[in-house]
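First the structure, in the form of structure tokens, and then the observations on it.
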Amino acid sequence: MPRPPFVPAAIAVTLAPLAARADAPLPWAIGFQKGVTPTMAEITTLSTILNGMVVGIVVLVTVLVAYCAWRFNARRNPVPANWTHNARLEIAWTAIPALILLMFAFPSLRLLYFMDRTGEADMTLKVIGHQWYWSYEYPDHALKFDALMVPDEDIKPPQRRLLETDNPVVLPVGATIRIQLTADDVIHSWAVPAFGIKSDAVPGRLNETWVRIDEPGIYYGQCSELCGVNHGFMPIMVRAVPQPEFDAWLADARVRFASAEQ
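Per the numbering used here, the very first residue in the sequence shown carries number 76; after that it's consecutive.
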């Protein structure tokens, strides 16, 4: 669909108040980006717990291996043992890892169910992947537009290279939003780390997820499914704003994008 002309200065002024809250990848960062949704909060909590358990297991196994290397080396045991097996020990080292895996599985399955359920939504956002840009539709508000990456020559500080789009998605803070995803050509994946979302957009299918953004800001993502030569140039840019600001943007967007289609 046709798009209104991109005006870098106007968008820079619009986004300036939120620039300090922008959530994007940082050089040499360790761990997740700051989560701003219930889903990402759950993912962070589960990851912290499971990583703690894994570190504990690694330390325990390292200590046991070091002890065995010290206690049962050839110098300390010139006459090797001649026993072949120990049924109790074999049961223990089979059952204990199985129980640990169950401890991993149950909270993971609970989180998957939490991420998958949509329930009652305040609004719907439809995401359509193309080679190599995104289209967005607001079915409840009769609004649709395309979002393409801002080329390097049009980037103005504090915009971020390879992450800015000419028409960012705007969503209200605190609303439960149903997100429907599909694609026009090949498989794409709509991923926003701060939201804890990575959902495939598949041609001929309509996948569904949900989000509730708890903090205003600008949040970035990218297509996370290899989709062709320009796969790395399909950024996602979401502005989360208070409901009154969203309503004002919606009224303006209807006029802008309607005029662009004429």
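No residue lacks a Cβ here, since even glycine has one placed at the ideal position from N, Cα and C.
Is the number of C-beta pairs between the segment 123 to 139 and the segment 278 to 288 that are closer than 8 angstroms three or more?
No, they do not touch.
Given this structure, state the Cα-to-Cα distance separating Thr137 from Trp145, to the nearest angstrom.
Those two C-alpha atoms are separated by around 12 angstroms.
Under 6 angstroms Cβ to Cβ from Gly303, same chain only, skipping five residues before and after it: list those, please.
Only Gln206 meet the Cβ criterion.
Take Gln108 as the anchor and find which of Val261, Tyr295 and Arg314 has the nearest alpha-carbon.
Closest option to Gln108, Cα to Cα, is Tyr295.
Select from Glu117, Cys143 and Asn161 the residue whose C-alpha is nearest the C-alpha of Leu184.
Minimum Cα distance to Leu184 is reached at Glu117.
Since Gly271 and Thr114 should fall inside the 8 angstroms C-beta cutoff, what is the C-beta to C-beta distance between them, to a whole number of angstroms?
Gly271 to Thr114, Cβ: 4 angstroms. Contact.
For the pair the segment 194 to 210 and the segment 304 to 321, tell me if three or more CB-CB distances fall below 8 angstroms.
Yes, they touch.
So Leu223 packs on Asp241, CB below 8 angstroms; how close in whole Å?
With a Cβ gap of about 5 angstroms, Leu223 and Asp241 count as contacting.
Please classify Ala99: does DSSP put it in a helix, a strand, or coil?
Three-state result, Ala99: coil.
Along the alpha helix (DSSP H) that carries Ala180, what are the first and last residues, could you check?
Looking at the DSSP string, the run of the alpha helix (DSSP H) that includes Ala180 is Ala162 to Asp191.
Give the straight-line distance between the Cα atoms of Met178 and Gly131, rounded to the nearest whole angstrom.
The alpha-carbon atoms of Met178 and Gly131 are separated by roughly 14 angstroms.
Okay, do the segment 309 to 325 and the segment 286 to 293 touch, 3+ Cβ pairs below 8 angstroms being the bar?
These segments touch.
Specify, as a first and last residue, the run of the alpha helix (DSSP H) that Pro117 falls within.
The residue asked about is misnamed: residue 117 is Glu in this sequence, not Pro. Where Glu117 is concerned, the enclosing alpha helix (DSSP H) stretches over Pro113 to Arg146.
Thinking just about the alpha-carbon of each residue, which of Val261, Arg287, Phe321 and Thr251 is nearest to the one in Ser299?
Comparing Cα-Cα distances from Ser299 to each of Val261, Arg287, Phe321 and Thr251, the minimum goes to Val261.
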